[in-house]
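A short write-up of the structure that comes next.
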Amino acid sequence: MNFPDIFYLNNGQWDWAAISTISNSFLVFILVIVTLWYARQVKKQTGFMKKDRLDKEIDKLVKKLHSKTEYDNIFRKENPYDGIGDPDKKHRYEIDIKERYRFWDEIKQNKYLGPDYLRSAIDNYIKKSQYGGGRDGDKAHKAAKTELLEATKKRYLELQVELEGKTWIIKKCSELKTKLSSFREKS
């Protein structure tokens, strides 16, 4: 029996059942190939979107916070009496406060790019940096600043590792931290 003979019945007419089975099999094979190609393209696009989001987070939030860690004007506690007195001092105060407000407005707008712990550290710092609270307020402000700087540094390192594609390092580090903390609790 030759290959073309499967398309014909015994009386010489076309066997439509055989033709439809073979054509359906061929079309299913083509559909599987197209679906696999499409899934691969979607995976690539998802990777690009994730990388773009991480780039946006690092540029608009984490890098700004990380670069200003030593800049006292940005992390100063509010004090409305700073602008009183000498006109030069008042002018410097107005420039500083504009810069500070602009910086923190951008941080507030972009804080949702970061993870929960960074958002809560930002919110806590902004709340503690308001005027008032006396000496306890100063201690709370310093503690909130330290918490924010630590959260920023942690996220900065996470993003560096993630953008380099070495996410397994973070998982191993977190596993080691939990083992270390459980070891400390036992002893």
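In terms of our numbering, the sequence shown is numbered consecutively and its last residue is 190.
Even for Gly, the Cβ is constructed at its ideal location relative to N, Cα and C.
Going by C-alpha to C-alpha distance, which of 96, 100, 77 sits closest to residue 128?
Checking every option, the nearest Cα to that of residue 128 belongs to 77.
Counting pairs of beta carbons, one from the region 53–70 and one from the region 145–160, are three or more of them closer than 8 angstroms?
Yes, since at least three Cβ pairs between the region 53–70 and the region 145–160 fall closer than 8 angstroms, the two stretches touch.
If you draw a straight line from the C-alpha of residue 34 to the C-alpha of residue 46, how long is it?
Rounded to whole angstroms, the gap between the alpha carbons of residue 34 and residue 46 is 18 angstroms.
Quick check on residue 25: buried or exposed, where buried means 16 or more other Cβ atoms within 10 Å of its Cβ?
It is exposed - the Cβ of residue 25 has fewer than 16 other Cβ atoms within 10 Å.
Leaving out five residues before and five after residue 121 in sequence, what residues of the same chain have Cβ atoms less than 6 angstroms from its Cβ?
So the list reads 154, 158, once near-sequence residues are dropped.
Let me know the secondary structure DSSP gives residue 73 once reduced to three states.
Three-state result, residue 73: coil.
Which value, in whole angstroms, describes the spacing of the CA atoms of residue 72 and residue 150?
Between residue 72 and residue 150, the C-alpha separation is close to 12 angstroms.
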